[in-house]
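In the working numbering, the protein residues as written are 4 to 243. Glycine included, C-beta positions come from ideal geometry on N, C-alpha and C. Predicted model, so just to flag it, every value in this text is computed and none were measured. Taking it in order: structure first as structure tokens, then the write-up.
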Amino acid sequence: MSVPVIAQGSVLRAAEGGAAIELDELSPPGGLLLVMPHPDDETLGCGQALAAAADAGRTIGVVLVTNGESSHPFYDRAKLVAMRRAELEEALSSLAPRRPVAIRALGLPDGQSRHGNLSDAGQEALLAFADIIDPQAIWTTSYIDPHCDHITAHAIARDLAEHYRTTLWSAPIWGRFGERRLPGTELRLFEAPPLAERKRLALSAYRSQFTDVIDDPEAFLMPAPLLEHFATHPEIFHRD
4 MSVPVIAQGS
14 VLRAAEGGAA
24 IELDELSPPG
34 GLLLVMPHPD
44 DETLGCGQAL
54 AAAADAGRTI
64 GVVLVTNGES
74 SHPFYDRAKL
84 VAMRRAELEE
94 ALSSLAPRRP
104 VAIRALGLPD
114 GQSRHGNLSD
124 AGQEALLAFA
134 DIIDPQAIWT
144 TSYIDPHCDH
154 ITAHAIARDL
164 AEHYRTTLWS
174 APIWGRFGER
184 RLPGTELRLF
194 EAPPLAERKR
204 LALSAYRSQF
214 TDVIDDPEAF
224 LMPAPLLEHF
234 ATHPEIFHRD
């Protein structure tokens, strides 16, 4: 996947006219389940909304589809997995400082995941985790994101939403850039200015992704203009 350097695209233009969404519509009282492809996507796509849900007393669980172990091809994978898990935990502590967020890692291969990769045992473990959360809403990445792990996360979340007969909300991350479209889809915007600093703090936890702390010439590194965009732009959701 090529990474843009400027925050522009058809989804962002469409979002300019998007209606605001309140937390109770996005996450009714009770459990909230996030299905995310990598550590950092939960903060990039919906960090403020997650923080608001935590403050409102929601029981929150994060399903991590991959461990993000392919972001730095020449770095020790075990160390990278541990680093990214620690970053996730730090970010969630910043977003939800007074409410623990449960995490379930599926361990699908980063950059190569497919919906069918999940074993029967993995599916059983996923449902057992989701049962504890008892989701009244599920959030995930959008099916227009041009990355296989984001598409896998969306497919898993869609199945869970059908299983629990609950609402699925998707947050376009990479799909918001470029000219991919969501025809006939209403975009909704969540913004909570008092929580903006908490989201910035959570983003700063991801040093492996947003700084050159790891010396790897093939590493992913978020361009600074995009990081600022995610820190400041209202969070975009569409309902599936």
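Top-ranked residue by Cα proximity to residue i, from the options
| i | options | result |
| --- | --- | --- |
| Arg184 | Gly12, Ser5, Val8, Pro7 | Gly12 |
| Pro42 | Tyr78, Phe213, Val14 | Phe213 |
| Pro112 | Asp123, Thr155, Glu92, Ala128 | Thr155 |
| Thr62 | Leu130, Ser5, Val104 | Val104 |
| Asn70 | Ala89, Ala57, Ala59 | Ala89 |
| Phe233 | Arg242, His241, Leu204, His118 | Leu204 |
| His241 | Glu182, Ala17, Pro7 | Ala17 |
| Asp134 | His153, Thr169, Gly110 | Thr169 |
| Ala99 | Thr188, Ala56, Cys151 | Ala56 |
| Gly20 | Thr188, Lys202, Pro196, Leu224 | Thr188 |
| Pro7 | Ile136, Ile176, Tyr167, His153 | Ile176 |
| His150 | His166, Arg117, Leu91 | Arg117 |
| Asp152 | Ala22, Gly60, Ser74 | Ser74 |
| Ser5 | Tyr167, Asn120, Gly181 | Gly181 |
Residue i, buried or exposed, once every other Cβ within 10 Å from all chains shown has been counted against 16
| i | result |
| --- | --- |
| Ile106 | buried |
| Pro138 | buried |
| Asp148 | buried |
| Pro228 | exposed |
| Glu72 | buried |
| Glu200 | exposed |
| Glu45 | buried |
| Ser122 | exposed |
| Gln126 | exposed |
| Thr235 | exposed |
| Val68 | buried |
| Asp27 | exposed |
| Ala164 | buried |
Check: residue i C-beta below 7 Å from any heavy atom of the ligand FMN
| i | result |
| --- | --- |
| Ala56 | Although the ligand FMN was asked about, the structure shown includes no ligands whatsoever. |
Cα-Cα separation between residue i and residue j, rounded to whole angstroms
| i | j | result |
| --- | --- | --- |
| Ala174 | Ile9 | 19 Å |
| Arg210 | Glu25 | 31 Å |
| Glu93 | Asp58 | 17 Å |
| Cys49 | Ala208 | 15 Å |
| Arg102 | Gly64 | 11 Å |
| Ala131 | Ser145 | 24 Å |
| Ala124 | Leu109 | 10 Å |
| Leu3 | Asp215 | Nothing about residue 3 can be reported from this structure: the residues present for the chain run from 4 to 243 only. |
| Tyr78 | Gln115 | 18 Å |
| Pro226 | Pro186 | 28 Å |
| Leu206 | Leu198 | 13 Å |
| Leu91 | Thr143 | 16 Å |
| Pro76 | Tyr167 | 37 Å |
| Gly119 | Ile136 | 24 Å |
| Lys202 | Ser97 | 8 Å |
| Gly60 | Ala23 | 21 Å |
Contact belief for residue i with residue j at Cβ below 8 Å, rounded distance in angstroms
| i | j | result |
| --- | --- | --- |
| Leu36 | Ile141 | 5 Å |
| Leu15 | Arg179 | 5 Å |
| Met39 | Val66 | 7 Å |
| Gln51 | Glu231 | Not confirmed; about 15 Å, so no contact. |
| Asp1 | Leu171 | Shown here, the chain extends from 4 to 243; a query on residue 1 therefore has no answer. |
Residue i at chain C interface by Cβ criterion, 8 Å
| i | result |
| --- | --- |
| His166 | No chain C is present in this structure, which holds just one protein chain. |
Inset, instruction - Spell out a yes or no on whether the stretch 145-164 and the stretch 17-31 are touching, meaning 3 or more CB-CB pairs, one atom from each, closer than 8 Å. - result: no
Legend entry - Stretch pair the stretch 186-201 + the stretch 78-87: three plus CB contacts closer than 8 Å: no
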